[in-house]
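Asker: My structure is below; once you've seen it, I'll send some questions.
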Amino acid sequence: MIKTGVTGAAGKMGSEVIKTIINNFETKNEMKLVMAVDKFKTGENVFDDVVIESDLDKALEANKPDVVVDFTQPSVVFENTKKYLNAKVKPVIGTTGLAAAQIEELKELSKANNTGCIIAPNFAVGAVLMMMFSKMAAKYFNNAEIIEMHHNQKKDAPSGTAIKTAQMMADVNSDFTLGNCPETESIQGSRGGNFNENGKGNIHIHSVRMPGFVASQEVIFGAMGQTLVIRHDTINRECFMSGVELAIKHVYNNNEFIYGLENIL
Numbered sequence: 017m018i019k020t021g022v023t024g025a026a027g028k029m030g031s032e033v034i035k036t037i038i039n040n041f042e043t044k045n046e047m048k049l050v051m052a053v054d055k056f057k058t059g060e061n062v063f064d065d066v067v068i069e070s071d072l073d074k075a076l077e078a079n080k081p082d083v084v085v086d087f088t089q090p091s092v093v094f095e096n097t098k099k100y101l102n103a104k105v106k107p108v109i110g111t112t113g114l115a116a117a118q119i120e121e122l123k124e125l126s127k128a129n130n131t132g133c134i135i136a137p138n139f140a141v142g143a144v145l146m147m148m149f150s151k152m153a154a155k156y157f158n159n160a161e162i163i164e165m166h167h168n169q170k171k172d173a174p175s176g177t178a179i180k181t182a183q184m185m186a187d188v189n190s191d192f193t194l195g196n197c198p199e200t201e202s203i204q205g206s207r208g209g210n211f212n213e214n215g216k217g218n219i220h221i222h223s224v225r226m227p228g229f230v231a232s233q234e235v236i237f238g239a240m241g242q243t244l245v246i247r248h249d250t251i252n253r254e255c256f257m258s259g260v261e262l263a264i265k266h267v268y269n270n271n272e273f274i275y276g277l278e279n280i281l
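Its first residue numbered 17, the sequence shown is counted upward by one per residue in this note's numbering.
Set out below in C-alpha cells:
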C-alpha cells in the first residue's frame, strides 16, 4: 500500500486529491492517506487520525510518506520539492510556476537521490491529449498562438499547461510567426507574452483570468485559407484525479524524473 501525503491539503485541488486517496483506500486498498499539510485549517481531521499540519519538515519526519502530492503555491513549490527529494520521498507536483532552471535543478536532485519525481502541468487526460495533438499539428503550421483561461484566483501566468504546450510545439517547429508584419502595441501587452526558449518558439500566449472558469486552453493554428483550433475545457476538478492517481502509482514504482503526464500515458 502506498503511504501518501498531500500538501496544500486545504485548497480546492488538495481537498479533491484527499477524496481520491480515501476513495482508493476504501475501494481498491492501493494507497492510504498518512499526511496532510497546509497553513490553513491546521488541526482539522481529514481522515481517521490524519489531521492537517502546518510544518512540512516535521510532517515528513513523523509520517514518512512514500509519495507526496503537492498542490500549494508557486512561491513555495520549489523549496517544497527539494525537501521531498532530500527526504527520499517521491513527489507528484501539480503546482505550476516552476522556472525551467528550477525544473532542471530538481531533475538533477532526483537523480542524485535516486528518488522518482513527477511534475505535471496538467493531470487531465484530455488536456494532455490537447498538448500532444498540438505538437502533431505544429509540424504542419508555421503560425500559432495560445489562449489559456483560468479562474481569477490563479496566481501564475501563463499557466504551466500553456508553457508546456509551447515547449512541445517548439520541439518540432522553431518559429510560429512566419510572414507576420512588424508590430507596434498601442497598449503594452496586448499581443500577449512571447514564448521563445533557446531561440525557438515565437508563440504568443494570452492569459485570461476570470471568475466562472476552472481551466480552458485553445491553441490556434493558421495558414493560408484555413485555421485549426485545438481546445480543452475543464468543467470541474474531478477530471484531474485519474491523472493524479496514475502519477502516484507510477512514481511509487519508478525512480525516474518525469516532466509531463504524457510521458506515462
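Backbone N, C-alpha and C fix where the C-beta goes; we use that ideal spot for every residue, glycine too.
T193 and N214 - do their beta-carbons sit closer together than 7 Å?
Answerer: On the sequence shown, residue 214 is found 198 positions in, with the first residue counted as 1. On the sequence shown, residue 193 is found 177 positions in, with the first residue counted as 1. Going by C-beta atoms, N214 is not nearer than 7 Å to T193.
Asker: Report the partner residues of D191 according to the DSSP bridge assignment.
Answerer: In the sequence shown, the residue the question calls residue 191 occupies position 175. Beta-bridge pairing links D191 to G217.
Asker: Please determine if the stretch 122 to 131 and the stretch 188 to 202 are in contact, where contact requires at least 3 C-beta pairs separated by less than 8 Å.
Answerer: Verdict: no, contact absent.
Asker: DSSP three-state label for S232, please.
Answerer: As a working note, residue 232 is residue 216 in the sequence shown. Reduced to three states, the DSSP call for S232 is strand.
Asker: How is the alpha helix (DSSP H) around I38 delimited, first residue to last?
Answerer: Reading the sequence shown from its first residue, position 22 is the one you call residue 38. Taken as a continuous stretch (DSSP letters only), the alpha helix (DSSP H) holding I38 covers K28 to T43.
Asker: Name the DSSP bridge partner or partners of G21?
Answerer: By one-based count along the sequence shown, residue 21 stands at place 5. Note: G21 sits in a beta bridge opposite M51 and V84.
Asker: Roughly how many angstroms lie between the CA atoms of A143 and L277, to the nearest whole one?
Answerer: Taking the sequence shown and counting its residues from 1, one reaches residue 143 at position 127. Taking the sequence shown and counting its residues from 1, one reaches residue 277 at position 261. Straight-line Cα distance between these residues: approximately 10 Å.
Asker: Given a threshold of 16 other Cβ atoms within 10 Å of its Cβ, counted over all protein chains shown, does L49 qualify as buried or as exposed?
Answerer: Reading the sequence shown from its first residue, position 33 is the one you call residue 49. So L49 ends up on the buried side.
Asker: Should F157 be labelled buried (16 or more other beta-carbon atoms within 10 Å of its own) or exposed?
Answerer: As a first step, residue 157 is located in the sequence shown; it is residue number 141 there, counting from the start. With 16 or more Cβ atoms within 10 Å of its Cβ, F157 is classed as buried.
Asker: DSSP on I246, reduced to helix/strand/coil?
Answerer: The count along the sequence shown starts at 1 and reaches residue 246 at position 230. DSSP places I246 in strand when its eight states are reduced to three.
Asker: Restricting to Cα atoms, I'd like to know which of M47, A160 and P227 is closest to G195.
Answerer: As a working mapping, residue 195 is identified with position 179 in the sequence shown. It is A160.
Asker: So, using beta-carbon positions, are G110 and F87 closer together than 7 Å?
Answerer: One-based indexing of the sequence shown puts residue 110 at position 94. One-based indexing of the sequence shown puts residue 87 at position 71. Yes.
Asker: Sort E254, M184 and G113 by Cα distance to K170 and report the nearest one.
Answerer: What you label residue 170 is simply residue 154 of the sequence shown in a count that begins at 1. Among E254, M184 and G113, the Cα nearest to that of K170 is on G113.
Asker: Measuring only the C-alpha atoms, how far is H166 from I221?
Answerer: The count along the sequence shown starts at 1 and reaches residue 166 at position 150. The count along the sequence shown starts at 1 and reaches residue 221 at position 205. Going from the Cα of H166 to the Cα of I221 covers about 13 Å.
Asker: Compare the Cα-Cα distances from N79 to each of D65, Q204, E42 and N40 and report the closest residue.
Answerer: The sequence position of residue 79 within the sequence shown is 63, counting from 1. With distances taken between Cα atoms, N79 lies closest to D65.
Asker: Please identify the residue among R253, P107, Q204 and G259 whose C-alpha is closest to the C-alpha of E32.
Answerer: As a position in the sequence shown, residue 32 is number 16, starting the count at 1. That would be R253, whose Cα lies nearest to the Cα of E32.
Asker: Relative to the C-alpha of A239, which candidate in A231, K155, I179 and P107 has its C-alpha closest?
Answerer: By 1-based counting over the sequence shown, the position of residue 239 is 223. Among A231, K155, I179 and P107, the Cα nearest to that of A239 is on K155.
Asker: By the DSSP assignment, the alpha helix (DSSP H) with Y275 in it spans what residues?
Answerer: Indexing the sequence shown from 1 puts residue 275 at position 259. That residue, Y275, is in no alpha helix (DSSP H); its beta strand (DSSP E) goes F273 to Y275.
Asker: Alpha carbon to alpha carbon, how far is N168 from P227?
Answerer: Your numbering for residue 168 matches position 152 in the sequence shown. Your numbering for residue 227 matches position 211 in the sequence shown. If I take the Cα positions, the gap works out to 5 Å.
Asker: Report the residue ranges of all beta strand (DSSP E) runs contained in full by the stretch 56 to 123; include only those spanning at least 3 residues, in chain order.
Answerer: For the stretch 56 to 123, whole beta strand (DSSP E) runs of length 3 or above, ordered along the chain, are 61 to 63, 66 to 69, 83 to 86 and 106 to 109.
Asker: Determine, using beta carbons only, whether D54 and A25 come nearer to each other than 7 Å.
Answerer: As a working note, residue 54 is residue 38 in the sequence shown. As a working note, residue 25 is residue 9 in the sequence shown. Yes.
Asker: Quick check: what's the CA-CA separation for C197 versus A115?
Answerer: The count along the sequence shown starts at 1 and reaches residue 197 at position 181. The count along the sequence shown starts at 1 and reaches residue 115 at position 99. C-alpha separation (whole angstroms): 31 Å.
Asker: Would you tell me roughly how many angstroms separate the C-alpha atoms of E201 and F211, rounded to the nearest one?
Answerer: One-based indexing of the sequence shown puts residue 201 at position 185. One-based indexing of the sequence shown puts residue 211 at position 195. In a straight line, the C-alpha of E201 is about 17 Å away from that of F211.
Asker: Under 8 Å: do the stretch 117 to 125 and the stretch 138 to 152 share three or more Cβ pairs, one atom per stretch?
Answerer: With a cut-off of 8 Å, the stretch 138 to 152 and the stretch 117 to 125 do not count as touching, because too few Cβ pairs lie within range.
Asker: Judging by CA-CA distance, which residue of V108, P107, L101 and F94 is the nearest neighbour of A117?
Answerer: What you label residue 117 is simply residue 101 of the sequence shown in a count that begins at 1. Closest by alpha carbon: F94.
Asker: I163 lies in the alpha helix (DSSP H); which residues open and close that run?
Answerer: On the sequence shown, position 147 is the one that residue 163 refers to. Premise fails: I163 lies in the beta strand (DSSP E), N159 to H166, not in any alpha helix (DSSP H).
Asker: Between the beta-carbon of V267 and the beta-carbon of V108, is there less than 7 Å?
Answerer: Against the sequence shown, residue 267 aligns to sequence position 251. Against the sequence shown, residue 108 aligns to sequence position 92. Yes, the pair counts as a contact, with Cβ atoms nearer than the cut-off.
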